[in-house]
Amino acid sequence: MTDYYKYLPLSKEDENWGLSVLNIGCTHIAGENSYPLKAHPASHHFTWETGRILNEYQIIYITNGKGIFESDSCKRREILAGTIIVLFPGERHRYRPDHQTGWDEYW
């Protein structure tokens, strides 16, 4: 898998639709790598200790590997290949790949 991501500009016309795509991508995270990758915008960085809050919906699809996820409304749970994670605006969350398996993610 070749890592790819793109953050898209938001225009006034986009805002008028009420729904827009802000970013897309795919990433292979090998086991033992830090997460998330530091190349993303500062607004998308987080640490496991603090988690993060985004002001948008996010959909993350895990196709390979495993990890863990938790949020204010969802207790900690194991994430396996084939899982779709839905993040909600204004909700603190955190997730990460397993240190041994890593994972492949699409968003």
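In the numbering used here, the protein residues as written are 64 to 170.
Just so you know, even glycine gets a beta-carbon here, dropped at the ideal spot from N, CA and C.
Proximal residues to residue i (C-beta, below 6 angstroms), its chain only, five neighbours per side dropped
i, result
"Gly165", "Ile92, Ala93, Gly94, Gly128"
"Tyr169", "Cys89, Tyr124"
C-alpha gap between residue i and residue j, whole angstroms
i, j, result
"Arg140", "Ile87", "24 angstroms"
"Arg115", "Glu154", "8 angstroms"
"Lys75", "Gln163", "44 angstroms"
"Tyr67", "Ile122", "16 angstroms"
"Phe109", "Leu150", "14 angstroms"
"Ser97", "Thr126", "19 angstroms"
"Cys137", "Asn79", "32 angstroms"
"Gly81", "Thr113", "30 angstroms"
Identity of the residues DSSP links to residue i by a beta bridge
i, result
"Gly88", "Tyr68"
"Glu133", "Arg157"
"Thr110", "Gly114"
"Gly128", "Trp166"
Beta-carbon proximity check, residue i vs residue j, cutoff 8 angstroms
i, j, result
"Pro152", "Leu117", "yes"
"Tyr124", "Ile147", "yes"
"Met64", "Asp135", "no"
Close beta carbons around residue i, own chain, < 7 angstroms, minus the five adjacent residues each side
i, result
"Val84", "Leu71"
Contacting residues, own chain, Cβ-Cβ under 8 angstroms from residue i (five flanking each side not counted)
i, result
"Lys16", "Residue numbering for the chain in the displayed model covers 64 to 170; residue 16 lies beyond these limits and cannot be assessed."
"Asp77", "Ser83"
Contact with chain B by residue i, beta-carbon distance below 8 angstroms
i, result
"His108", "Given the protein chain composition of this structure (a single chain), no chain B is represented."
- prompt: If we count Cβ pairs, one from each stretch, closer than 8 angstroms, do we get three or more for the stretch 127-134 versus the stretch 154-170?
  reply: yes
message: Taking 8 angstroms as the cut-off, does the stretch 138-152 touch the stretch 97-113 (at least 3 CB pairs, one atom from each stretch)?
response: no
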